[in-house]
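Since the structure comes first, as structure tokens, the remarks are kept for the end.
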Amino acid sequence: MSWIKVIPFEEATGKLKQIYKKIKGPNNHIDNVLSIHSLRPHTLTGHMSLYKNTLHHSNNTFPNWFLELLGTYTSYLNKCDYCYKHHFTGMKRFLND
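The opening position of the sequence shown corresponds to residue 0 in numbering that gives the first Met the number 0, with each subsequent residue numbered one higher.
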């Protein structure tokens, strides 16, 4: 839960709603790390562009599980429990594929 105001999926309109529809998870869930951009949707677009081009670009030569491992380890070093759980879950998902 963030300490700044966020706009949930159900209350989003316009450009924010369009972006949310592209990134939502099950039950219209928006990850906290993304919803904190809701007051400035253009920053959410930038966040997603950086994330996808860094970790999920088709020209990456490393396997996805390894990229998520790097995210997991970096999050561990940064003592960011939220990011650690997020990347660890992604790593497990890719290892099970």
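Note that beta-carbon positions come from the ideal geometry of N, C-alpha and C, so glycine has one too.
Rounded to whole angstroms, what is the Cα-Cα separation between His56 and Leu66?
11 Å
Between Lys14 and the rest of its own chain, which residues show a CB-CB distance below 7 Å, the 5 nearest in sequence each way excluded?
Pro40
Note down, in chain order, each residue of its chain lying with its Cβ closer than 7 Å to the Cβ of Tyr75, except the 5 sequence neighbours on either side.
Tyr83
Residue environment, His28, which counts as buried when at least 16 other CB atoms sit within 10 Å
exposed
Going along the chain, which residues of its own chain have a beta-carbon closer than 7 Å to the beta-carbon of Ile3, five neighbours each way excluded?
Ile35
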